[in-house]
Ligand SMILES: C[S@@+](CC[C@H](N)C(=O)[O-])C[C@H]1O[C@@H](n2cnc3c(N)ncnc32)[C@H](O)[C@@H]1O
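Residue numbers (our numbering): 76 to 352.
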């Protein structure tokens with residue numbers, strides 16, 4: 076193993092910082108509270124996207140093989156981005172990316188100590204979640220851990236993932252789909268830096284807006300309680316859980332249709348373990 080130099084002082088975008096530092100450190104803190112990271116051999120980042128947080132984990136733990144899997148291939152652009160943001164000459168040898176078809180059986184190819192997923196399971200069709208959780212369970216060795224984060228959840232105030240265009244809480248539950256589309260397409264303000272991700276770099280504004288409307292249509296409606304149940308149903312034991320609650324006044328009309336708890340739960344972080352057999 077040769078050491079690789081990288082310099083976080085060059086990080087210039089909120090997007091890169093929030094993934095390379097915030098997300099990667101959260102993943103490591105949570106997993107590291109249950110697993111000795113100095114003893115771990117391999118980890119899987121399920122739905123790694125552009126791979127920035129995957130890289131953040133890999134650089135901080137060169138002794139662990141880190142595999143990022145995704146149905147897309149945005150991680151192809153990581154070398155260029157890492158050179159720009161970290162002055163990293165090449166990706167580390169312990170970092171591996173794999174483009175997979177949806178529902179590929181990962182347990183056939185991977186045996187890992189930990190799996191993590193950051194902002195992924197609100198994007199997966201709900202019917203596929205039990206199959207994927209069962210596969211992730213099978214990809215872990217006995218005592219292996221699974222860290223999952225989702226934020227925002229669908230029923231939360233900005234659960235549409237459209238806050239970059241619409242600041243009205245619960246607009247997606249209060250307005251028609253057509254009103255939502257018009258508000259997005261008519262938006263002409265700036266995009267907040269924390270939302271200037273991969274798509275913002277790649278697309279013009281019109282295509283960026285259409286991408287996010289399509290993404291909204293594809294979101295599932297899982298709740299915090301629902302995801303916890305699915306993790307348990309796959310055989311995991313929940314070790315730790317944090318629900319991100321909001322303190323906002325909920326419109327009466329929504330309270331008649333939805334659970335108040337779901338409307339005010341912005342996100343969830345959880346850590347689960349595959350019990351030793
Ligand atoms: C919002 S992005 C998050 C990416 C990354 N985890 C991050 O934090 O930047 C969601 C990712 O989940 C991936 N994804 C959705 N369904 C998937 C599936 N069935 N298997 C693997 N990846 C999937 C998408 O391609 C996308 O890259």
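We treat Cβ as the ideally placed atom computed from N, Cα and C, and that holds for glycine.
Residue 141 is a Cβ neighbour of residue 120, given a cutoff of 8 Å. Annotation for residue 266: no beta strand (DSSP E) segment contains it, and DSSP assigns it neither H nor E. By the Cβ test, the segment 311-329 is not in contact with the segment 282-293, since fewer than three Cβ pairs between them sit closer than 8 Å. When 173, 94, 223 and 157 are compared, the shortest CA-CA separation from residue 167 is found for 157. The segment 292-311 and the segment 332-349 touch, with three or more beta-carbon pairs separated by less than 8 Å.
Of the residues 252, 337 and 195, the one whose Cα lies closest to the Cα of residue 177 is 195. The straight-line gap separating the alpha-carbon atoms of residue 188 and residue 337 is approximately 32 Å. Taking 7 Å as the cut-off, the C-beta of residue 271 does not count as close to any heavy atom of ligand 1. At least one heavy atom of ligand 1 falls within 7 Å of the beta-carbon of residue 98. Boundaries of the beta strand (DSSP E) harbouring residue 222: 215-225, taken from the DSSP string. In the DSSP assignment, residue 119 is bridged to 142 and 190.
Between residue 207 and residue 220, the C-beta gap is not smaller than 8 Å, which leaves the two residues out of contact. The beta-bridge partner set that DSSP reports for residue 311 is empty.
Counting only residues whose CB is nearer than 5 Å to a non-hydrogen atom of ligand 1, the list in chain order is 122, 124, 145, 146, 147, 177, 193, 194, 195, 198 and 199. Apart from sequence neighbours up to five positions away, the residues of its chain that approach residue 273 with a beta-carbon distance below 6 Å are 125 and 149, ordered along the chain. Contact between the segment 255-266 and the segment 319-328 is absent: fewer than 3 CB-CB pairs across the two stretches fall below 8 Å. When only Cα atoms are considered, residue 147 and residue 331 end up about 39 Å apart.
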